[in-house]
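Beneath this line is the structure, given in structure tokens, with notes to follow.
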Amino acid sequence: MSELSQLSPQPLWDIFAKICSIPHPSYHEEQLAEYIVGWAKEKGFHVERDQVGNILIRKPATAGMENRKPVVLQAHLDMVPQKNNDTVHDFTKDPIQPYIDGEWVKARGTTLGADNGIGMASALAVLADENVVHGPLEVLLTMTEEAGMDGAFGLQSNWLQADILINTDSEEEGEIYMGCAGGIDFTSNLHLDREAVPAGFETFKLTLKGLKGGHSGGEIHVGLGNANKLLVRFLAGHAEELDLRLIDFNGGTLRNAIPREAFATIAVAADKVDALKSLVNTYQDILKNELAEKEKNLALLLDSVANDKAALIAKSRDTFIRLLNATPNGVIRNSDVAKGVVETSLNVGVVTMTDNNVEIHCLIRSLIDSGKDYVVSMLDSLGKLAGAKTEAKGAYPGWQPDANSPVMHLVRETYQR
0 MSELSQLSPQ
10 PLWDIFAKIC
20 SIPHPSYHEE
30 QLAEYIVGWA
40 KEKGFHVERD
50 QVGNILIRKP
60 ATAGMENRKP
70 VVLQAHLDMV
80 PQKNNDTVHD
90 FTKDPIQPYI
100 DGEWVKARGT
110 TLGADNGIGM
120 ASALAVLADE
130 NVVHGPLEVL
140 LTMTEEAGMD
150 GAFGLQSNWL
160 QADILINTDS
170 EEEGEIYMGC
180 AGGIDFTSNL
190 HLDREAVPAG
200 FETFKLTLKG
210 LKGGHSGGEI
220 HVGLGNANKL
230 LVRFLAGHAE
240 ELDLRLIDFN
250 GGTLRNAIPR
260 EAFATIAVAA
270 DKVDALKSLV
280 NTYQDILKNE
290 LAEKEKNLAL
300 LLDSVANDKA
310 ALIAKSRDTF
320 IRLLNATPNG
330 VIRNSDVAKG
340 VVETSLNVGV
350 VTMTDNNVEI
360 HCLIRSLIDS
370 GKDYVVSMLD
380 SLGKLAGAKT
390 EAKGAYPGWQ
400 PDANSPVMHL
410 VRETYQR
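With numbering that gives the first Met the number 0 applied, the sequence shown corresponds to residues 0 to 416, in that order.
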């Protein structure tokens, strides 16, 4: 039995523990989907799936409530699969290991998947509770939300009977969302040229690790460190000074996750090694001072490594470093309608370097489509100045807040009672 069973309400936490036990990263949700379909059938609910795999469960109204407006509770099936670099975990096979740490439920070495596992558990717990009085009720569980909104885009037309939807994918306890950002993926692809590392140069792996990471939707505004941006900042400040040869740079794993680790392979002449070590130590102190409250476990490590790979020529090195260093990151604009809410943001999520090119993957979010378009134009201009190929794809619209909608009126009235 999971230790989560000691938490209340127990039915909700038992369902969440079961969800954690079944692997369900993006594109690998089928095992969990099959379990939920079986669970719904055992409960006697009507359940069906559409062409992209979304699940719809229906429960009839409580006696006497048949004429009430139908409501759909919505969640998504997939989770963001991130792990610490020293954690051995296959998200397609291994269960998440939740545990209780004080007032929090956490996972050992990985993301917990409470986005959106606790939302799924909440919706299913409502379905299972015979004491909840309700009108016609639907639960919609969508596929692959975290990696492209595949389920939402492919949702079967005219499938839902309800015209009131409650989305359970929120971030903060005790808060109700009345809007949501849309998004679009943006990629800059820069061609690279290489040359042999000069004789007498020593090679090192520069690792930035220990950052908290986080979801680029719910935590972009809290000031967490972005490993890609912090590591390239060091290179931008010292590459020319050290006559540094850049061999490799990689950081982040998902476009919608704030990257917690980044790695650069670099080489410097033997007579520059002491200066490099000193500058790395100084930069680590700078970051620890700047991020003292947010990133207490930040570490910048320099390790000697063997190397047989060519380095970027100076032009490619400088163009890449300047492009990544100049790429904006974080909050672009706050909302004028909803105080304290981010309107438009950008996450520099993944940097992947190969022999001949480097790709910078960003996720843009905005409550309003024009804000999203503005950031696309900024990144496109920046990429073209650097000579990079740029691509924006996978756009989905925002949900602009309406504080005066009938549902919001009902929610406020209910809360105040």
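A virtual CB, placed ideally from N, CA and C, is assigned to each residue, including glycine.
From a predicted model like this one, the values you see are computed outputs, not experimental measurements.
**OP:** Under 8 angstroms Cβ to Cβ from S4, same chain only, skipping five residues before and after it: list those, please.
**Re:** Excluding residues within five positions, the ones whose Cβ falls inside 8 angstroms are W12, D13, A16.
**OP:** Give the range of the beta strand (DSSP E) segment to which N328 is assigned.
**Re:** No beta strand (DSSP E) contains N328, which DSSP labels as neither H nor E.
Subject >> Entirely enclosed alpha helix (DSSP H) segments - the stretch 103-138, minimum 4 residues >> reply: As summarised for the stretch 103-138, the continuous alpha helix (DSSP H) elements at least 4 residues long and confined to that stretch are 113-127, given in chain order.
Original post:
How do the stretch 208-215 and the stretch 255-266 stand: do at least 3 beta-carbon pairs fall below 8 angstroms, yes or no?
Top reply: Judged by Cβ distances under 8 angstroms, the stretch 208-215 makes contact with the stretch 255-266, as three or more pairs qualify.
**OP:** Report the option in L300, V330, A198 whose CA atom is closest to the CA atom of V267.
**Re:** Distance check between V267 and each of L300, V330, A198 places A198 closest, using alpha-carbon atoms only.
Original post:
Quick one: what's Y98 bridged to in DSSP?
Top reply: Partner residues in the beta bridge of Y98, as assigned by DSSP, are K105.
Subject >> Beta-carbon separation (whole angstroms), G150 vs R254, contact threshold 8 angstroms >> reply: Cβ atoms of G150 and R254 stay farther apart than 8 angstroms, at about 18 angstroms.
Subject >> Beta-carbon gap between F233 and L278 smaller than 9 angstroms >> reply: In contact: F233 and L278 (Cβ atoms closer than 9 angstroms).
**OP:** Compare the beta carbon distance of G393 and I219 with 9 angstroms and say whether it is the shorter of the two.
**Re:** No, the pair does not count as a contact, with Cβ atoms beyond the cut-off.
**OP:** Give a yes or no on whether the C-beta atoms belonging to H190 and T91 are separated by under 9 angstroms.
**Re:** No, they are not a contact pair.
Subject >> Distance, T252 Cα to L300 Cα >> reply: If I take the Cα positions, the gap works out to 20 angstroms.
Original post:
Using the C-alpha atoms, what's the distance from I367 back to W38?
Top reply: Taking the straight line from one Cα to the other gives about 38 angstroms.
Original post:
Taking all protein chains shown into account, do 16 or more other C-beta atoms lie within 10 angstroms of the C-beta of R57, making it buried, or fewer, making it exposed?
Top reply: Buried: at least 16 other Cβ atoms inside 10 Å.
Original post:
Which value, in whole angstroms, describes the spacing of the CA atoms of V131 and T109?
Top reply: Between the C-alpha atoms of V131 and T109 there is a straight-line separation of about 34 angstroms.
Subject >> V410 in three-state terms, based on DSSP >> reply: Here V410 carries a helix assignment [DSSP, helix/strand/coil].
Original post:
To which residues does DSSP link E390 through a beta bridge?
Top reply: Partner(s): T186.
Subject >> Contacts around W158, its chain only, beta-carbon distance under 7 angstroms, and the 5 residues preceding and following it disregarded >> reply: D49, L55.
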